[in-house]
Structure formats: C-alpha cells, structure tokens
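Participant: Numbering (the UniProt record's numbering), first residue to last: 1 to 44. The beta-carbon is built from N, C-alpha and C at its ideal position, and this holds for glycine as well. For reference, the structure I am asking about is given below.
Next up, the structure:
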C-alpha cells in the first residue's frame, strides 16, 4: 500500500463518517418532529 492510497482511504473514511453523522442528525430531527406532530394530533 502506497502513502497515496492510504491518504485516499483516510479521506474517504472521513467523508463517510461525516455523511453518516449528517444522516443520523437528519433522521433524529425528523423523528422528533414526527413525535411532536403525533402528540399534537392525538387527543389528550
């Protein structure tokens, strides 16, 4: 493995991690919004 491929692997790994964090945050926000909407709609 050359240093160039190692650098590319590290960069792609970092990109995947940040992408995963973005998706996780979006899912959490959508989930919280869905829960609050459900609470507002449900009687009581």
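Alpha carbon to alpha carbon, how far is residue 41 from residue 27?
Facilitator: Between residue 41 and residue 27, the C-alpha separation is close to 21 Å.
Participant: Please report how far the alpha carbon of residue 46 lies from the alpha carbon of residue 7, in whole angstroms.
Facilitator: The requested residue 46 is not part of the displayed model; the chain covers only 1 to 44.
Participant: Spatial neighbours of residue 9 within its chain, please: CB distance less than 6 Å, with the 5 preceding and 5 following residues excluded, ordered by chain position.
Facilitator: Residues of the same chain with a CB within less than 6 Å of the CB of residue 9, apart from the 5 flanking positions on each side, do not exist.
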